[in-house]
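Written below as C-alpha cells is the structure these notes are about.
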Ligand SMILES: Cc1cc2nc3c(=O)[nH]c(=O)nc-3n(C[C@H](O)[C@H](O)[C@H](O)COP(=O)(O)OP(=O)(O)OC[C@H]3O[C@@H](n4cnc5c(N)ncnc54)[C@H](O)[C@@H]3O)c2cc1C
Ligand SMILES: Cc1cc2nc3c(=O)[nH]c(=O)nc-3n(C[C@H](O)[C@H](O)[C@H](O)COP(=O)(O)OP(=O)(O)OC[C@H]3O[C@@H](n4cnc5c(N)ncnc54)[C@H](O)[C@@H]3O)c2cc1C
Ligand SMILES: Cc1cc2nc3c(=O)[nH]c(=O)nc-3n(C[C@H](O)[C@H](O)[C@H](O)COP(=O)(O)O)c2cc1C
Ligand SMILES: Cc1cc2nc3c(=O)[nH]c(=O)nc-3n(C[C@H](O)[C@H](O)[C@H](O)COP(=O)(O)O)c2cc1C
Ligand code: FES
Ligand code: FES
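Residue numbers (my numbering), protein chains in the order written: chain A, 1 to 262; chain B, 1001 to 1262; chain C, 2001 to 2305; chain D, 3001 to 3305.
The following block contains the structure:
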C-alpha cells in the first residue's frame, strides 16, 4: 500500500453528475488489480474529514495512470468534481483484495447496475488481455445511465442491456438474460456490483449452474486499511450458526456471493 | 450592512505573501467609508469556520468595486491567495465606523507601519478628493514592505519613509519626521495604524500640538457586527477610574488615540 | 413559492410562530445596524444573558477559532438589568413580538431577584436561565449540581409568572439527571446545550490563547454531542426541549427536531452567516412539504418513535 | 537534517523513545499490509481494546462522519484475549519494542482476570485500561464513577506487575475527580480522553445513522475539549499524562505537551493519514530545535508554569 500525492491528468463529466477522473500514480498502478480501490482526498482542511473510497474503473499500466468513474452525491464528490488538470490529490492504494483469474478460466460474465459498473470495465480490460471471453449484463434506470457501455461493448463477446424505462434494451431483468445464456453457455465466473437484487439472483443461479460468483461491496469507510473496523458486512451464517462480520476494506471488497449477506 | 456574494475582478501578489484582491460589490461600495471593513469568506465548508476581517484599501465608487491589501499569515488568507478572476467570495459590509473629515480640515497626516498601510490609501484617496492635503509617514522593516508607496506618493503633498534596515529613507522613527513637520505645519488630523509604538508617539505629540488623532485597531472577530462581544479593546480609564471595554467592530475600528489602550 | 405548512409550535405556554430563534449571547440588536433580513420572521429573539449588576467580562482575547469550532471566554459582560430594561428591551420588542430574556447570576438568590424585577416588566414572553456559563473559572456552575439546579429553578418559578426555560450544561455526567432536577424545580421548558469547556494554547507564546485561559466550545464541531444530549433528555423528561449546538443549516435543525427538540436556537452559525436563521426556516418548510407533512409538530421526536 | 534533540520520555517506569503513539482501536497490524512508514519509529504501539471473550461488536453502520469529526459505534469487537496473545501480539512485538495492550471488561472482576492472564505474557510494556468506551448503550461506564474506577484500578494493580495506564472518559462532571480516584487505586499513568457521546440522524430515513444509534465523537472537532481536560488533570494530579483527542499534526501535539501531557496518542488523524505520526515526531523535533530546547521534557506543562 502506498500513500502518494498524485496529479490529475484530466476530468470529464460524462453525463450529469457522473465524472471520469484520470490520475497519474505509477507506484499504485504497478500493483493495482481490478476490484481493488483507493482512498482519495482532494481537500487539505478538516471538512470534509475522511478520505473517500473509489474503485479502479480503468487501469493503464503503461501510462502509470488510472481512471475513476464516480457519481457526485455529497460533500467530497462535490469537491472532486471541481478538480482540473494538474491539480493534486492524495491517495492511499491499492487497497483491498481484487479479483483473481485462474488459469482454466475461459468465459466470465459481469452483471452490474448503475454506478455499480465502476469496477467492471477494469475487469473486462484485464479479462480481454488474458484472452478470457466476457459476457456483459448491464442495467440502469435510463439509457444515459448505462455508463461505459461503449467501452465494454467493444471488448465483450456479448453485451445485454436493460433499462427500467426500456428506453434501451428489452427492459426486464439482466439476470434473466444471464439465465438464458447459462442454459447453453458455461460461465467460469460471474462478477456483480451495485444491486442487492442482482447479487441474490446470481447466488441462486450459482446453485443451479455451479459457477464461481463474486460480489463487490461498498460500506462506509474511515481508513480503508483495516484499522478502524468500521466497514463491516455480515458473513453468511456458517454451520455453527455464529454471527460473524467481515471487513469490506480488508477481507473484500470482492467477496464470494454466498459468503456475505447484503 | 449588506450580505452579498461578490465576484473577484482580479488578484495580484504585489510582493511575496502580500496580495491585492479586487472585488466587485456595488451595494457595499456605495456605502463604504475609508476605515470601515468587510468580513470575508472564501470557503464553503466549515474549516476554516469564521469569516476574516479586511479593511478597504481602495474604494472605486464609479466601478462599484474595492481592493483589499492583505498579507498571507494563515489558513484563511492562504485560501484567499488562490482566488482567481470571477471566483466568488461572500461578504458582510461595510462594517464599523470609518473616518469622518470635517468641513474645516485642510491638512492631515497618515502614519503607518507595514501592513498597517492597508486602510491608509483609501483615506488618502478620499482626502485628495475633498482637496485636503495629505502628509504620509510610512515605515516598514524593508523597502519592499513599503506597500502602496507609489500610489500614496502620487497623491500626497509630502511623503516620509523609513525602513528598519535603512534600505530606503533615513531610518529612524517616522514619528520624528512628523514631529519635525509639526513644528511649522498645522495638522488638522492624524491617522495611524499598524504599530503600538506609533500610536503612543502620536498620542504624546497630540498633547503638544492639539490635533485630532485617530488609530485604526485590529482584534480577533467572530461576527464583525457587534453580536459576539469578542473583539474588545480596553478603553482609557476615565476620571471615575472604571475599567471599560469597547468593541472594535462596532465602536471602532477607528478610535481617538487617547480613548483606547493598545 | 412553496405551499404553506404550519410552522407554529407551543412550548407549553410559550407559543412560537416557528421553532427558530437565536442563541443567547450570539445575537444583539442596535437601533442603527439592520441585519440582512427582517427579524420579525424569527420564532423569538433572545437577549444576551443579563446579570443584576454591570459586569466587565473577561480580558481579551475573548474568542479564538478551532477546527470547525469557536472557543469563547466572554465572561458574560453586560450593563446590568436596569440598563437592559431601559435601553435594550425596547429595541428587541420592536424587532420581534416574542422576546425571551436570558438571566444569569451567582447563586439562586441573585436569580430570584432578577426574576422578581423582570416579572414587573411588560413584554417579556419567557426567561431563559443560564445555569451553565462555563467561562468564569471561579464561578460555581449550578447546572452541574442537581440540588442547586432544582433550588434555583424553584426560586425563579416562585418569582416569575410566565414560562421559564432552563438552559443545561453539557459538562456533566448525565444531563438527564440535571434535566429531571430542573423539572422538579418547576421548569417549563429545557434548552440545551451550552458550550463545552475547552481551550487552546499558542505554541509560540506557550500560553493559553484566551485572556481567561479557558473557554467554551461552540459551532459545528459540537453538533453530534448536542444532538445526543437532546435525544437523551427527550427520552427521559416530559418537557418541551429547545435544541442548541452547532446548528448551521436546515438539515442540522431537522436532526434536532427528529431527536425530540420542539424548537432550536442558532448561535455560532449566525455569527458567520447572519441570514442563516431565515434559510433554516425556509429549509424546514421545504422539508415538511417534500416529506408530506402539514405541520412541524408531526416530525418532533420521530427518530425514536 | 535537523540537529538531534532528546525525544525520549519516562512515564514513570514506562520509558518511550519518543512521546508519539497510536490511540487504541484506531491502529492495527497485519502480516501482509505494511504501513507507509516503519512502525519502529513510534514511541509505542497499542492494541485495540481486548476483552476476555470474543465480542461481535455493533451492527453496521459503525461509523459516520460529522463536521471535522468521526462518530463511531464499534462496540469493541474482538477475538478475545487468547487470540490476541497467540496471533496479534507477535505481530505487534515485531513492529515495535514497546507494546501496550488495551483491555476492557464489564466490571472489575473481568479486568482483573485479564490482567492476571496478561501478566504471565512476555513482552507487554504496559496495560491501558479502557474504562470509558461509551459505545455500548447498556454498558455501565466505570470511568463515570469514582468508586468503580478506584476499585477496578486497584484490582488490576494487584494482578499486573508492569505499569498500568488508566484511560479516562470525557463524559463526566469533573474529570479531575475520576483522575484522583484512579490515582488512589494505584494508577501509574493517566491517558485522556476517550470519545464524547454523540450521534447523527439521517433526515431521509428519520432514524439514527449508526447501527447502535449512539456512538462516540473523535477527531479535530474535540481537540479543544481534550486539551482543557489534560490541562485540568495536569493541574490536580501528580501522574504522567498521555494526551489524546483530535491530534492531527505536530502543532496539536505540542499544545498537549505544553498543557502538561508527557506523551500523546493519535487516533482519527492516523486513519486518514497513516504517516501522520511520523510527521508529528519530526515536527516536534523541529519545534524543539527552533525554540532552542534540547529535550522534550523541557516543554511539558510549560503553559502553566
Ligand atoms: C470500496 C468502495 C469503492 C467505491 N467505488 C466507487 C466508485 O468507483 N464510484 C462511485 O461513484 N462511488 C464509489 N464508492 C462510493 C463512494 O465512496 C461514495 O459515493 C463517496 O464516498 C461519497 O462521498 P461524498 O462526500 O460525496 O458523499 P457524503 O454522503 O457527503 O459522504 C459522507 C460520508 O459517507 C460516506 N459514504 C457516502 N456514500 C457512500 C457509499 N456509497 N459507500 C461508502 N461510503 C459512502 C463517505 O465516504 C463519507 O464518509 C465506493 C465505495 C467503496 C466503499
Ligand atoms: C478590522 C480589521 C481589518 C483588517 N484589515 C486587514 C487588512 O486590510 N489586511 C490584512 O492583511 N489584514 C487585515 N486584518 C487582519 C486579518 O483579519 C488577519 O490577518 C486574518 O484574519 C488572518 O486570517 P488567517 O486565517 O489567514 O490567519 P489565522 O491565524 O489562521 O487566523 C486564525 C483566527 O485568528 C484571526 N486573526 C488572525 N490574525 C488576526 C489579526 N491580525 N486581526 C484579527 N484577527 C486575526 C482570524 O480572523 C481567525 O479567526 C484586519 C483585521 C481587522 C480586525
Ligand atoms: C460568543 C458567544 C457568547 C455566548 N454567550 C452566551 C450567554 O451569554 N448566555 C448563554 O446562555 N449562552 C451563551 N453562549 C452559548 C450559546 O448560546 C450556545 O448555547 C452555544 O454557543 C452552542 O450553540 P452554537 O453551537 O449554535 O453556537 C455564547 C456562545 C458564544 C459563541
Ligand atoms: C474507530 C475508533 C475505534 C476506537 N476504539 C477504541 C478502543 O477499542 N478502545 C479505546 O480505549 N478507545 C477507542 N477509541 C478512542 C480512541 O482511542 C481515542 O481515545 C479517541 O478517538 C480520541 O482520539 P482521536 O480524536 O485522535 O481519534 C476508538 C476511536 C475510534 C475513532
Ligand atoms: S475502513 Fe477502516 S477497517 Fe475498513
Ligand atoms: S466581532 Fe463580534 S462583536 Fe465585534
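The C-beta atom is built at its ideal place from N, Cα and C for all residues, glycine as well.
In whole angstroms, what is the alpha-carbon distance linking residue 3256 of chain D and residue 1059 of chain B? 45 Å
Is residue 57 of chain A near ligand 1, with its Cβ less than 7 Å from a heavy atom? yes
Whole-angstrom Cβ separation of residue 228 of chain A and residue 235 of chain A, contact assumed at under 8 Å? Actually they are not in contact, since the Cβ atoms of residue 228 of chain A and residue 235 of chain A sit about 18 Å apart, beyond 8 Å.
How many Å lie between residue 3172 of chain D and residue 1089 of chain B at the Cα? 42 Å
Cβ-based burial, residue 1243 of chain B [other Cβ within 10 Å; buried from 16]: By the beta-carbon neighbour count (other beta carbons within 10 angstroms, threshold 16), residue 1243 of chain B is exposed.
Mind checking who residue 109 of chain A pairs with in its DSSP beta bridge? A/135, A/190
Nearest-angstrom Cα distance between residue 2048 of chain C and residue 2228 of chain C? 25 Å
By a C-beta neighbour count over all protein chains shown, 10 Å radius and 16 as the cutoff for buried, is residue 2121 of chain C buried or exposed? So residue 2121 of chain C ends up on the exposed side.
Consider the Cβ of residue 2019 of chain C: report whether some Cβ of chain B lies at a distance smaller than 8 Å. no
Please name the residue or residues paired with residue 2265 of chain C in a DSSP beta bridge. C/2021, C/2244
Is there at least one Cβ from chain A nearer than 8 Å to residue 3055 of chain D's Cβ? no
Below-8 Å beta-carbon distance, residue 3051 of chain D vs any chain E residue: The structure shown contains no chain E; the protein chains it does contain are A, B, C and D.
Return helix, strand or coil for residue 126 of chain A, following the three-state DSSP convention. helix
Just checking residue 1118 of chain B against ligand 2 - is the residue's beta carbon closer than 7 Å to any of the ligand's heavy atoms? yes
For the alpha helix (DSSP H) that contains residue 3093 of chain D, what are its first and last residues? Counting along the chain, the alpha helix (DSSP H) containing residue 3093 of chain D begins and ends at 3089-3095.
First through last residue of the alpha helix (DSSP H) which encompasses residue 29 of chain A: 26-31
In this structure, how does DSSP classify residue 216 of chain A when only helix, strand and coil are distinguished? strand
So if I threshold CB-CB distances at 7 Å, which residues from the segment 3181-3209 of chain D count as touching chain A? none
Rounded separation between residue 1181 of chain B and residue 1200 of chain B - CA only: Rounded to the nearest angstrom, the two C-alpha atoms are 18 Å apart.
Residues that residue 79 of chain A bridges to, as DSSP identifies them: Paired residues: none, contrary to the question.
Check whether the segment 1074-1084 of chain B and the segment 1099-1110 of chain B touch, using three or more Cβ-Cβ pairs below 8 Å as the test. no
I want to verify the contact list: residues of chain C whose CB lies under 7 Å from the CB of residue 3172 of chain D, in sequence order. 2173
If you measure from the CB of residue 1254 of chain B, is any heavy atom of ligand 6 nearer than 7 Å? no
Proximity test, Cβ basis, 8 Å: residue 1219 of chain B and chain C: yes
Helix, strand or coil, according to DSSP, for residue 142 of chain A in the structure here? coil
Nearest-angstrom beta carbon gap, residue 1037 of chain B and residue 1026 of chain B [assumed within contact, 8 Å]: Going by Cβ atoms, the distance from residue 1026 of chain B to residue 1037 of chain B rounds to 18 Å, so no, they are not a contact pair.
Considering only C-alpha positions, which residue in the set A/124, A/205, A/251 is nearest to residue 154 of chain A? A/124
What separation, rounded to the nearest whole angstrom, lies between the Cα atoms of residue 2012 of chain C and residue 2197 of chain C? 31 Å
May I ask which residues mark the beginning and end of the alpha helix (DSSP H) holding residue 181 of chain A? 174-184
What does the alpha-carbon distance come out to for the pair residue 3112 of chain D and residue 3155 of chain D? As the crow flies, the alpha-carbon of residue 3112 of chain D is around 6 Å from that of residue 3155 of chain D.
What does a CB cutoff of less than 8 Å around residue 202 of chain A pick up in its chain, not counting 5 residues either side in sequence? Closer than 8 Å at Cβ, skipping near neighbours: 111, 175, 178, 190, 192, 213, 215, 257.
Same chain only: Cβ atoms within 6 Å of residue 3268 of chain D, ignoring 5 sequence neighbours per side: The beta carbon of residue 3268 of chain D sits closer than 6 Å to those of 3070, 3218, 3219, all from its chain and outside the five residues before and after it, given in chain order.
Cβ shell of residue 2125 of chain C (< 7 Å), same chain only, five flanking positions each side left out: Take residue 2125 of chain C, set aside five residues on each side of it, and the residues of its chain with a beta-carbon closer than 7 Å to its own are 2014, 2044, 2098, 2099, 2100, 2162, in chain order.
C-beta contact flag for residue 3272 of chain D and residue 49 of chain A at 8 Å: yes
Between which two residues does the alpha helix (DSSP H) containing residue 158 of chain A stretch? Taken as a continuous stretch (DSSP letters only), residue 158 of chain A belongs to no alpha helix (DSSP H), being part of the beta strand (DSSP E) at 158-163.
Following a CB-centred definition, is residue 2102 of chain C positioned closer than 7 Å to any heavy atom of ligand 3? yes
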